[in-house]
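See below for the structure under consideration.
2 protein chains.
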Amino acid sequence: MTMPDRRFTDRSAPARAAILAAARSRFAADGYDKATIRAIAADAGIDASMVIRYYGSKAELFEASSAIDLALRETVPTHEGPERLAEEYGHAFMARWESGTNEVEQLLIRTALTHQDAVGQIQRIFDEQIKPPILAVLGDDPDAELRAALVMTQTFGLAICRYLLGLDPIASADPATLERAIRDSIRTHLTRSMRDDADEPLPEPVTEP
Amino acid sequence: MTMPDRRFTDRSAPARAAILAAARSRFAADGYDKATIRAIAADAGIDASMVIRYYGSKAELFEASSAIDLALRETVPTHEGPERLAEEYGHAFMARWESGTNEVEQLLIRTALTHQDAVGQIQRIFDEQIKPPILAVLGDDPDAELRAALVMTQTFGLAICRYLLGLDPIASADPATLERAIRDSIRTHLTRSMRDDADEPLPEPVTEP
DNA sequence: GCGATTTGACAACAAGCGTTGGCCAACGAA
DNA sequence: TTCGTTGGCCAACGCTTGTTGTCAAATCGC
Chain A
1 MTMPDRRFTD RSAPARAAIL AAARSRFAAD GYDKATIRAI AADAGIDASM VIRYYGSKAE
61 LFEASSAIDL ALRETVPTHE GPERLAEEYG HAFMARWESG TNEVEQLLIR TALTHQDAVG
121 QIQRIFDEQI KPPILAVLGD DPDAELRAAL VMTQTFGLAI CRYLLGLDPI ASADPATLER
181 AIRDSIRTHL TRSMRDDADE PLPEPVTEP
Chain B
1001 MTMPDRRFTD RSAPARAAIL AAARSRFAAD GYDKATIRAI AADAGIDASM VIRYYGSKAE
1061 LFEASSAIDL ALRETVPTHE GPERLAEEYG HAFMARWESG TNEVEQLLIR TALTHQDAVG
1121 QIQRIFDEQI KPPILAVLGD DPDAELRAAL VMTQTFGLAI CRYLLGLDPI ASADPATLER
1181 AIRDSIRTHL TRSMRDDADE PLPEPVTEP
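Chain order of the listed sequences is A and B. First residue of the first sequence? That's 1 in the working numbering, and the numbers climb one at a time after it. First residue of the second sequence? That's 1001 in the working numbering, and the numbers climb one at a time after it.
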């Protein structure tokens, strides 16, 4: 499903790798539509027809380009509580995005707004790679899943505004300052009281009629 | 610059309005590229050539479709402090997006990831419509601009995850719960100590060499 | 060494795009 | 009515896209 069934010799491995690297860069920088196969092929120093031969179609090439393993499971502290998790998560996020070696994330987000396939992939990444470590730390918190999703909204928003859109003054802000800011925001999402603290009384739970 | 110089009679006003409405919907739902002029024209019940005649080009049609006035200046409380601002802002945001009458915002965000023109428009909206009321409330806080931008990252992230991508469990969450969550997140961004509170000492200010 | 297979480039295809020009009907002013 | 203008549809252009077929050269198995 992920890789095409066709098999090729090792001789073409460098070419296929070059195509994949060029595809990742183009998809991340230009989005799915503007990243034409001809442009990708030119970056890889090869003819456009070879891209199709090796990867079947543009959609399959994109699928191959968007494989990712965030590998956050080990970096997250085991059971030191949400405060420590917020710190570690904020740091891991900033380190990864500041390093610039995150073409796959960029490519997925940039494409998701216009191509539904990428949305499913993001959902899967959240479910399989982002949510579990947070759930592990949050323990039996009934709102753990929602908290994890809220954390995602914050990191998503920062990533898009700073790295994808380049909006000021977020784009020109100091990374360390930003790291503290989202660390505190994440902590808020992970630790704040979920049940309403406002004037209105608790709505009594209603069984579906 | 916004409207083409050509003038038309009132007789074609309904047609032009229908085109604009269809364009907004299509741009918001499909993005710039997949929202073809032919599709927009079909939605408006008119020929594609008329779209060009009335609006000059697809780019100009998009420009005309993306005019917006958030009108948040008055809804925001004048000088009751950041806590109250967070409350009001969170409520205004959720109310606007839950009502579904926000095609322009959707269209701008969805297009910004792939078309630089929309980015400039978002930057302008932030500078002219979002930032000023926040600055007014924050007073002489030296980090007021950054705080405003951080608030934007949070609202952006939530809007994208819930309304544009439909990621679970954010998309299926209760609006009231969500409103409380982003209200607290906004409050964090507006009120938290900006200078580092960690173990490392304050870096001494250095004059550029 | 030789034959089979793979690599790669070139050209070309069909489809879809934004856009243009031409033509007719409907309308408004005289 | 009559004439000039506007609204609208149709057909077509030029262009780019993903994709396919063909064919020479390079490579590998024997």
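The beta-carbon is built from N, C-alpha and C at its ideal position, and this holds for glycine as well.
Range covered by the alpha helix (DSSP H) that runs through residue i
i: residue 1080 of chain B; result: Neither: residue 1080 of chain B is in no alpha helix (DSSP H) and is coded neither H nor E.
i: residue 170 of chain A; result: Residue 170 of chain A -> no alpha helix (DSSP H), and no H or E assigned at all.
i: residue 1182 of chain B; result: 1175 to 1191
Inter-residue spacing [alpha-carbon to alpha-carbon] between residue i and residue j
i: residue 98 of chain A; j: residue 1042 of chain B; result: 45 Å
i: residue 1069 of chain B; j: residue 1114 of chain B; result: 23 Å
i: residue 1030 of chain B; j: residue 80 of chain A; result: 44 Å
i: residue 1108 of chain B; j: residue 165 of chain A; result: 12 Å
i: residue 1151 of chain B; j: residue 1186 of chain B; result: 6 Å
i: residue 1182 of chain B; j: residue 1083 of chain B; result: 12 Å
i: residue 14 of chain A; j: residue 1046 of chain B; result: 51 Å
i: residue 1281 of chain B; j: residue 53 of chain A; result: With chain B covering 1001 to 1209 only, the question about residue 1281 of chain B has no answer from this structure.
i: residue 1169 of chain B; j: residue 1009 of chain B; result: 50 Å
i: residue 122 of chain A; j: residue 55 of chain A; result: 22 Å
i: residue 142 of chain A; j: residue 189 of chain A; result: 14 Å
i: residue 1020 of chain B; j: residue 1118 of chain B; result: 17 Å
i: residue 1105 of chain B; j: residue 33 of chain A; result: 22 Å
i: residue 1128 of chain B; j: residue 140 of chain A; result: 44 Å
i: residue 945 of chain B; j: residue 27 of chain A; result: Because chain B here runs from 1001 to 1209, residue 945 of chain B falls outside it and cannot be looked at.
i: residue 1250 of chain B; j: residue 1023 of chain B; result: Outside the shown range of chain B, which is 1001 to 1209, sits residue 1250 of chain B, and nothing can be said about it.
i: residue 1130 of chain B; j: residue 101 of chain A; result: 32 Å
i: residue 1137 of chain B; j: residue 1155 of chain B; result: 18 Å
i: residue 1157 of chain B; j: residue 153 of chain A; result: 4 Å
i: residue 1175 of chain B; j: residue 1062 of chain B; result: 31 Å
i: residue 171 of chain A; j: residue 1144 of chain B; result: 15 Å
Closer than 7 Å: residue i CB and nearest the ligand MG heavy atom
i: residue 83 of chain A; result: Questions concerning the ligand MG fall outside what the structure shown contains, since it holds no ligand whatsoever.
Local conformation of residue i per DSSP, three classes
i: residue 50 of chain A; result: helix
i: residue 1141 of chain B; result: coil
i: residue 1033 of chain B; result: helix
i: residue 9 of chain A; result: coil
i: residue 115 of chain A; result: coil
i: residue 69 of chain A; result: coil
i: residue 101 of chain A; result: coil
i: residue 1045 of chain B; result: coil
i: residue 57 of chain A; result: coil
i: residue 1194 of chain B; result: coil
Classification of residue i by the beta-carbon crowding that lies within 10 angstroms, buried from 16 upward
i: residue 1147 of chain B; result: buried
i: residue 38 of chain A; result: exposed
i: residue 1007 of chain B; result: exposed
i: residue 67 of chain A; result: exposed
i: residue 1184 of chain B; result: buried
i: residue 1206 of chain B; result: Residue placement at residue 1206 of chain B cannot be trusted, given a pLDDT of 42 that sits under 50; the coordinates are not used to answer.
i: residue 1090 of chain B; result: buried
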